[in-house]
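Here the structure is laid out as structure tokens; the discussion comes afterwards.
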Amino acid sequence: MSVDTPAATGRYPDAAGHFGRFGGRFVPEALVAALDELDDAWRTAMGDESFQTEFAALLRDYAGAPSLLYPARRLSAKIGAQVLLKREDLNHTGAHKVRNVLGQALLTKRMGKRRVIAETGAGQHGVATATAAALFDLECVVYMGAVDTQRQALNVARMRMLGATVVPVTTGSRTLKDAMNEAMRDWVANVDSTHYLIGTAAGPHPFPALVRDFVRGIGDEARQQCLDLVGALPDAVTACVGGGSNALGVFHAFVDDPGVRLYGFEAGGDGPATGRHAASITGGSSGVLHGTRTYVLQDADGQTVESHSISAGLDYPGVGPEHAWLHDTGRATYRPVTDADAMAAFELLCRTEGIIPAIESSHALAGTAAIAPELAAELGREPVVVVNLSGRGDKDVHTAGEYFGVLDKE
Amino acid sequence: MSRIGVAFDRARAEGRAVLVGCMPAGFPTVEGSIAAMTAMVEAGVDVIEVEIPYSDPVMDGPVIQRASDIALAGGVRVADTLRIIDAVAATGAPVVTMTYWNPIEQYGVDAFARDLAAAGGTGLITPDLIPDEAQEWLAASDAYGLDRTFLVSPSSTDARLQMTVEHCRGFVYATAIMGVTGARARASAAAPVLVSRVRAVTDLPVGVGLGIGTGEQAGMAAGFADGVIVGSALIRCLLDAASLPAGLTALRELSTELAAGVRTPTA
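Quick note, the sequences are listed as chains A and B, same order. Residues in the first sequence are numbered consecutively from 1, following the numbering used here. Residues in the second sequence are numbered consecutively from 1001, following the numbering used here.
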């Protein structure tokens, strides 16, 4: 690897949070002191054995890590690749997100803060945050677009049962990006007492690197599990990309393995050509959103354009800055996957393996099926692919039931 | 010295503070916003702050968010903002522009600085651009002789406050409270402390904003700051009015009250 390639050794980001031309801090001055405090707490924690021990114990005893690496033989036969599913869907709360919230909740405690706030789209990160807040006895407020609180009433109820306050956001497009704006406004006003428990590897430095560090266990585990299982590293590692935390989590351990191809699959919605999608790298351009420079869906004036995806968890008009950098350096490849292809893969996994995946993760499955023939042709054999199955589909049963027309009429 | 500096010097000589009034460009319409800003100047607002509407204004409270949404829904473009600045600058009042960073980055930093200077704008207030990330803007503002107003906050460390002020030109914006824009009932105890911290490291004038909405509050802010920055309370005059003419009347009344406030500084 050339020296300017991002590496798992911690060379990126730089001290100010830049991944090449991306990342950094585009925030009100009022937040800088809190971001510096967080930066200190994170760097200290990363080098502190007692923190790492406590975090590892939580992941093992509470979240269920390490998650399994499962050879999905019937799926493999269908798509022409040896597919190893990283079963993050089996974690407590049903997705990789629990790793991030546990890490940040521990940091919150260390900083002596008693209150956490979070943004959520479909409610998964909100539920995960409310879960960690209950476990750590923290006050928890979750901002959620008013459109989403209606679409995801069950997750709103979950958060409330866990003791969180859910605030419907009625400004702007009333979805995830507006929930994020509102969380930032809360943070500016309450920064002394409050930690903003951001849900993905985006936002101002140190969030993108900090979140990556808390979810990188996915890839660390998968790398060793793959070596144990097949005696070699995989030919490719794949994941879906919205904000991008599950993808960074599984990619990170492989960045310095030149033989391992990294693929991120973005939400292509109705197709990138239609304008109705959430593929920020494929269909966006460099800009500043939510405190960081990255690829953004925007108009010529820099106004954020609304994203579209059947998957609420990928429905965001930006992407973590490290992905923007991995794209620019060519270390990872990003491709869009349409709603229709993702839903076909959703059904395929249900029927071949008896696993109902999250619609987010179904994008990774569909993308993997699409690249399998290319990889096989290149390698002259069946490729070994680790697919990050980032979440389970329980939350999507209603959406999928409507999509496939399998709900009984009332 | 910039035109903003001249306004601050004149006010200082008169023993009062400068009144800065903020209005989003294109709210409620392009022509309506020119009429509103002109009315503000006529009623005694010294400096007009034109905010470029942005889809994701994280430093702004509900009033400016609503006004920005209305302007954007009306189709206002960054190019319209430059036209508005040109029209308001023609009144003779200095015009400073407040903008989140992405619209400038997409327009092109150098091109925007060039066109802003040509339109008669004095400089930029940048709520989400800190000097740490501002290399391009530092160069462009030098090239076209524009002022740079970065924000300082009660939470700024001494080192950051000094660094930020060193990168300012024209005036320094002191955010009176930890929070977003919007009038507050109670005065901020943090503001006088912050202003004196800024004064300890610079001779630049210091404007205080966030939470000021009445003549009495303007007078209190004028007691310790060189400039009093009012936004949401003025914008609300138009938001709450049944018609634009009624809104302009309310806007003139509040502007007059605030102008009297900055002329009667209270301790």
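Cβ atoms here follow ideal geometry from the backbone N, Cα and C, with glycine treated the same way.
ask   = Between the segment 16-28 of chain A and chain B, which residues of the former have CB atoms less than 7 Å from a CB of the latter, in chain order?
value = Residues Ala16, Gly24, Arg25, Phe26, Val27 and Pro28.
key: Partners in chain D for Gly268(A), counting only beta-carbon separations shorter than 9 Å   = The structure shown contains no chain D; its protein chains are A and B.
task = Please determine, among Trp325(A), Pro234(A) and Tyr196(A), the residue with the shortest C-alpha to C-alpha distance to Leu248(A).
result = Trp325(A)
key: Runs of alpha helix (DSSP H) lying entirely within the segment 112-162 of chain A, each at least 4 residues, in chain order   = 124-136, 146-151 and 153-161
message = I believe Val1115(B) touches Ala1140(B) by the beta-carbon criterion, under 8 Å. Please report the beta-carbon distance rounded to the nearest angstrom.
response = Residue 1115(B) is actually Asp in this sequence, not Val. With 8 Å as the limit, Asp1115(B) and Ala1140(B) do not qualify as a contact, their Cβ atoms being about 11 Å apart.
inquiry  = With the cut-off set at 8 Å, would you say Ser1153(B) and Ala30(A) are in Cβ contact?
reply    = yes
task = Under 9 Å between beta-carbons, which chain A residues line up against Ser1155(B)? List them in chain order, please.
result = Glu29, Ala30, Leu31, Val32, Ala33, Ala34, Val191 and Asp192
message = For the alpha helix (DSSP H) containing His363(A), name the first residue and the last one.
response = Ile359 to Leu379
ask   = When we look at the beta-carbon of Asp299(A) and count the other beta-carbons within 10 Å, is it buried (16 or more) or exposed?
value = exposed
ask   = Are there 16 or more other CB atoms within 10 angstroms of the CB of Met343(A), so buried, or fewer, so exposed?
value = buried
task = Report the residues of the segment 148-178 of chain A with a CB closer than 9 Å to any CB of chain B, ordered along the chain.
result = Thr171, Gly172, Ser173, Lys177 and Asp178
inquiry  = Gly199(A) and His308(A) - do their beta-carbons sit closer together than 8 Å?
reply    = No, Cβ-Cβ distance for His308(A) and Gly199(A) is not below 8 Å.
key: Cα-Cα separation between Trp1101(B) and Leu1129(B), rounded to whole angstroms   = 6 Å
message = Between which two residues does the beta strand (DSSP E) holding Asn388(A) run?
response = Val384 to Leu389
key: Neighbouring residues, chain A, relative to Leu1129(B) (Cβ below 7 Å)   = Phe26
key: Limits of the unbroken alpha helix (DSSP H) element including Asp228(A)   = Gly217 to Val230
ask   = Taking the alpha carbon of Asp14(A) as the point to measure from, which residue in Pro321(A), Glu378(A) and Arg381(A) has its own alpha carbon closest?
value = Pro321(A)
request  = For the alpha helix (DSSP H) containing Asp341(A), list its first residue and its last residue.
outcome  = Residue range Asp339 to Glu353 is occupied by the alpha helix (DSSP H) that includes Asp341(A).
inquiry  = DSSP three-state label for Pro71(A), please.
reply    = strand
request  = Could you please give me the residues that DSSP links to Glu1049(B) through a beta bridge?
outcome  = Cys1022(B) and Val1096(B)
query = Got a sec? Which residues, its chain only, sit under 7 Å from Ser2(A) by beta carbon, not counting five neighbours each side?
reply = A caution first: Ser2(A) carries a pLDDT of 36, below 50, which makes its placement in the model unreliable, though a value can still be read off. For Ser2(A), where only same-chain residues beyond five positions count, there are no Cβ hits under 7 Å.
message = Just to confirm before moving on: does the CB-CB distance between Val1076(B) and Gly1026(B) stay below 8 Å?
response = yes
ask   = From what residue to what residue does the alpha helix (DSSP H) around Ile1235(B) run?
value = Ser1232 to Leu1239
Given 8 Å, three or more beta-carbon pairs between the segment 44-64 of chain A and the segment 104-113 of chain A = yes
task = Would you please verify whether the beta carbon of Val1047(B) is less than 8 Å from any beta carbon of chain A?
result = So, not an interface residue.
ask   = Would the beta-carbon of Arg174(A) fall within 8 Å of that of Val147(A)?
value = yes
task = Please go through the same chain and pick out, in chain order, the residues whose beta-carbon is closer than 6 Å to the beta-carbon of Tyr143(A), but skip the five residues on each side of it.
result = Glu119, Val167, Val169, Ala179, Glu182 and Ala183
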